[in-house]
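Chains as they are written, first to last, in the numbering used here: chain D, 1 to 194; chain R, 1 to 194.
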DNA sequence: GAATTATCGACCAAATTATTCGAAAACTTT
DNA sequence: AAAGTTTTCGAATAATTTGGTCGATAATTC
């Protein structure tokens, strides 16, 4: 290995796949070790505990999601497109992250607070992004909103509502159509009638 | 519950889903019990052990497969269609059963012999069916075969070969196309040129 | 209301599993 | 090539999980 940090990333990637498939409890250190072609005790050279690995994974996955989102809204120009893109990509990428949230339910619920921290931070950042898009959109007169702060909160609430079926992992629920419906409602509501 | 047997079937169905998803080891009695909305000790009123449940599942699944196959070949008339149908349905339905075979690898390999028994019985029955189809086909002059016994064995061997990728569970393997290719080869080989 | 059938909580022994630790490789640096 | 550093691992341990038992207790049938 080139350095410690690089190997940590490798562990996070490998363990991430197994955790997201089997959940926290059903994934053993030995499985992770075997997938990494090492003895399980070697992993403890890089991580202090199974939980630390898991937490690193969630943090990592949250970062990936954040990056996906920022590049997504940079890829289009108009505030309307930015907002549409944001909502769409957010829900699509969130599916991966939802696996880990589910794994936490599988995990000891005592350690629930750490993910709440990550989530709070993420929510704050999201609000800022939404607010910015809305602000520019209202300046350019394509959004007819009174207060971008409140509207951003409303949209975020809707997005959180969309998450729920992802958690309950019912494969029958068609996220796509539900998402499109909400996008429609959202924009017919806030777009200035022309 | 109406009677004991009926509840056993319910357990088999429920546990079957969990076993096929997580394998033998990773499925706990408590999970099965929770899925059945009971205490885990209650299950022992119907089954003696975790293994007995598992074995009942495999037996049950093998029966379902057998039924699917016999109704499938009854649904068509000509020997050629019967043979095509048989090979096709056999491979399609086998996918479910393969999950349990995989679960056995996960299980203690000491108890491998019981599945061998089921498998042997199943193989014998299969050979009889194949032989019958071939026999009628050659009587009606649509199969150009010397000995329906040997040809049945050859076809069964091919089918077993098709199973292998199912065991190795690589989702990348496209069973369908492989299956069609083999159906083609099989029939261009044994169908009388006209 | 006795007898039978079904469920469950508490418990145990065995197995599994996360984690520790010292020592041995493997690799760097002097 | 010796001394130091980093990385890996086997064996042991401590904690947890889990299959299974048993007696008590509901629920149902007779």
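For every residue, glycine included, the Cβ atom is placed at its ideal position computed from N, Cα and C.
| Query | Result |
| --- | --- |
| Inter-residue spacing [alpha-carbon to alpha-carbon] between residue 169 of chain R and residue 177 of chain D | Any reading at residue 169 of chain R is ruled out, since the residue's pLDDT is 49, under 50, leaving its predicted position unreliable. |
| Sufficient close CB pairs (3 or more, under 8 Å) joining the stretch 92-102 of chain D to the stretch 39-49 of chain D | no |
| Buried or exposed (CB count within 10 angstroms, at least 16 for buried), residue 64 of chain D | exposed |
| 7 Å CB neighbourhood of residue 145 of chain D in its chain, flanking five on each side removed | 134, 138, 151 and 190 |
| For residue 143 of chain D, three-class secondary structure by DSSP | strand |
| Cβ-based burial, residue 159 of chain D [other Cβ within 10 Å; buried from 16] | buried |
| CB-CB length for residue 156 of chain R against residue 132 of chain R, believed under 8 Å | The pair is not a contact, with the Cβ atoms about 13 Å apart (cut-off 8 Å). |
| Pairwise C-alpha distance: residue 81 of chain R and residue 197 of chain R | The first residue shown for chain R is 1 and the last is 194, placing residue 197 of chain R beyond what the model contains. |
| Beta carbon of residue 27 of chain D nearer than 8 Å to that of residue 19 of chain D | yes |
| Own chain, CB closer than 8 Å to residue 14 of chain D, minus 5 neighbours either side, in chain order | 32, 35 and 36 |
| Residue 72 of chain R and residue 85 of chain R closer than 8 Å at C-beta | yes |
| Spatial neighbours of residue 99 of chain R in its chain, beta-carbon cut-off 7 Å, leaving aside the 5 residues before and after | 20 |
| Reduced DSSP secondary structure (H/G/I, E/B, other) of residue 78 of chain D | coil |
| Same chain, Cβ closer than 8 Å to residue 61 of chain D, neighbours up to 5 away in sequence not counted | 16, 96, 97 and 100 |
| C-beta atoms of residue 57 of chain R and residue 12 of chain R nearer than 8 Å | yes |
| Span separating the alpha-carbon of residue 162 of chain D from that of residue 8 of chain R | 39 Å |
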